[in-house]
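First residue of the sequence shown? That's 1 in the UniProt record's numbering, and the numbers climb one at a time after it.
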Amino acid sequence: MSSSTQRPNMVITVLCGTLTSLVVIGFARLAYGVILPSMRSDLGFSYQQAGLLSTVAALSYVCFVLAGGLAAARWGARASILFGMLLVAVGFTGLTVASHFWLIALLMALLGIGAAFAFAPMIALLAAWFPDHRGLVIGCMSSGVGISVLVTGLLVPQLFALFGEQGWRVSWGVFAAIAFAVSAIIALFVKNPPQSAASERGPVPADEKWLIYRNPRVLIVAATYGIIGLGYIVQTVFMVSFMVESGFSEALAGRYVAMMGLLSIFAGPLWGWVSDFWGRGNALAIALFLVIVAVGLPLIGQTKTYFFCHYLLVGLSLNGVFSMIQTSATDQVAPRYIPIAFSFATLFFAVGQFLGPAIAGWLIETTEGFTAAFSFTVVVLSVGFGLALLIRRFPKTLAVGEPSEAAVPDR
């Protein structure tokens with residue numbers, strides 16, 4: 001694996017991170033919900049089959065997220081990112097022509113695997129290159145998700161209007177072209193950070209990996225990330241339905257979601273920048289508290305004002321929560337271990353995303369309403385807030401340093 005000792009241009013490298021997030025999270029994970037209605041109708045799939053395709057992508061991500069981190073630690077983040085991006089591009093390309101259910105399921109699995117190999121290693125690469133500005137650069141990368149929501153919402157309906165029943169295939173084709181273009185940009189401009197003396201000795205031994213997996217600070221960050229994943233997915237999946245069931249139109253709910261997406265583009269970099277100066281735990285606790293307030297507002301009253309304030313607060317704070325918990329995962333370990341620690345924490349996040357819809361859906365069906373589901377979400381996020389207060393008190397030394405290092409100051 002090749003590495004460079006000369007720090008690359010920060011703007012270009014962060015732009016590569018933002019584009020990576022846009023493709024592997026925005027297009028590969030979130031755009032499916034927008035494309036699904038037309039795709040399902042054209043292929044004659046049942047809702048159960050459509051849901052299974054989404055599950056395949058999510059399960060593939062969960063199963064390979066640790067492998068992505070280990071690959072980045074062994075062969076370099078750049079190689080892992082490029083491999084993941086190309087897998088996603090191939091998956092998009094296949095979806096433009098595939099019609100058989102099991103072939104499409106395989107291609108959806110490629111999207112999940114590709115995201116696992118690209119997203120966490122890119123976070124690790126940014127954190128290693130720009131340790132003094134970790135919050136800002138990871139926050140900028142997270143804004144790619146908000147940008148993708150806007151791009152998908154504007155572009156895909158236009159493609160449906162232009163190409164009719166084949167619009168969903170053209171959409172995947174456009175995503176494929178963008179993914180290949182981003183892969184080329186990454187190949188040209190992204191460099192591996194310098195290797196430490198320990199890194200030059202080869203792969204990370206199993207006993208060193210277990211030092212990371214068992215470290216209390218790493219576990220606290222990972223558990224917090226898992227809780228955030230659970231609460232976030234419940235809000236994403238069910239809040240629009242809650243609003244519609246409360247008597248408001250889908251069009252109004254859509255406008256509120258668009259407002260949330262637009263605000264989230266700027267929220268991640270802003271909160272990340274604040275955390276670089278004010279402290280990760282401080283900023284995380286405040287942003288997470290705002291998310292808890294936002295989720296609780298519709299429980300107080302199902303009025304237009306409460307729902308508007310909900311989406312306003314979520315747009316201002318949720319992407320900041322993501323940026324800071326992701327950055328916190330990179331803060332706890334030496335640069336050599338960042339891909340492993342972050343992938344480990346992301347595994348908790350992915351599991352939270354799995355559990356959230358199942359638990360909330362069961363509560364909604366059992367109680368025939370949304371109050372219990374979102375009350376549960378508030379309680380779970382409150383536990384996360386308590387863990388954020390613990391993160392706020394973490395010492396300014398690495399939890400897991402290089403084998404030859406004593407406690408190294410955390411940047």
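Ideal Cβ positions, reconstructed from N, Cα and C, are used throughout, including at glycine.
From which residue to which residue does the alpha helix (DSSP H) around residue i run?
i	result
E208	A206 to Y213
P121	F101 to W129
Y32	Y32 to L43
F175	G167 to F189
F238	P216 to E245
G139	R134 to F163
S264	E250 to W278
P335	It is not in any alpha helix (DSSP H) - P335 carries neither H nor E in the DSSP assignment.
T303	T303 -> no alpha helix (DSSP H), and no H or E assigned at all.
F394	No alpha helix (DSSP H) contains F394, which DSSP labels as neither H nor E.
L87	A77 to L95
Just the C-alpha distance for residue i and residue j, rounded to the nearest angstrom, thanks.
i	j	result
H100	G272	44 Å
P409	V174	For P409, the pLDDT reaches just 40, beneath the cut-off of 50, and the residue's location in the model is therefore unreliable, leaving the point undetermined.
L86	A177	11 Å
F27	V90	13 Å
S183	S249	40 Å
V380	Y225	12 Å
T96	V170	7 Å
A50	I12	38 Å
G167	L159	5 Å
V14	A222	24 Å
L30	L390	32 Å
L52	D132	42 Å
G84	K304	42 Å
residue 419	W172	This structure does not reach residue 419, given that the chain is present from 1 up to 411, and the question cannot be answered.
residue 412	L155	Any answer about residue 412 is impossible in this case: the structure gives the chain only from 1 up to 411.
So is residue i buried or exposed if we call it buried at 16+ other beta carbons inside 10 Å?
i	result
F64	buried
F121	Correcting the residue type first, residue 121 is Pro in the shown sequence and not Phe. Buried, by the Cβ-count rule.
I25	buried
P205	exposed
N319	buried
R336	buried
T346	buried
Q235	buried
K209	buried
F119	buried
R280	buried
S317	buried
R393	exposed
G231	buried
L398	buried
A251	exposed
D207	exposed
S199	Residue placement at S199 cannot be trusted, given a pLDDT of 49 that sits under 50; what the coordinates show is reported in the next sentence. That one is buried.
V23	buried
Should residue i be counted as a contact of the ligand HEM given a C-beta to heavy atom distance under 8 Å?
i	result
Y61	Summarising the ligand content, the structure contains no ligands, and the ligand HEM is consequently not present.
Give a yes or no on whether the C-beta atoms belonging to residue i and residue j are separated by under 9 Å.
i	j	result
M141	T18	yes
E165	S46	no
G146	G261	yes
A237	L299	This sequence places Val at residue 237; Ala is not what is there. In this structure, L299 does not lie closer than 9 Å to V237 by Cβ.
F348	G247	no
F344	V62	no
V88	A179	yes
V314	A283	no
residue 420	P339	Residue numbering for the chain in the displayed model covers 1 to 411; residue 420 lies beyond these limits and cannot be assessed.
G153	A258	yes
Answer yes or no: does any C-beta atom of chain C fall closer than 9 Å to that of residue i?
i	result
R217	In summary, chain C is missing from the structure at hand, where a single protein chain is found.
message: For the region 104-117 against the region 213-223, do three or more pairs of beta-carbon atoms, one drawn from each stretch, fall closer than 8 Å, so that the two count as touching?
response: The answer is no - the region 213-223 does not touch the region 104-117, with fewer than three Cβ pairs under 8 Å.
- request: Would you check if there are 3 or more beta carbon pairs closer than 8 Å linking the region 228-247 to the region 364-381?
  value: Enough Cβ pairs lie closer than 8 Å, so yes.
query: Does the region 307-326 come close enough to the region 280-297 to have 3 or more Cβ pairs within less than 8 Å?
result: The region 307-326, when compared against the region 280-297, does touch it at the 8 Å Cβ threshold.
query: How about the region 186-196 and the region 344-360: do they share at least three Cβ pairs that are nearer than 8 Å?
result: no
message: If contact is defined by three or more beta carbon pairs under 8 Å, each pair taking one atom from either stretch, is the region 129-146 in contact with the region 264-279?
response: yes
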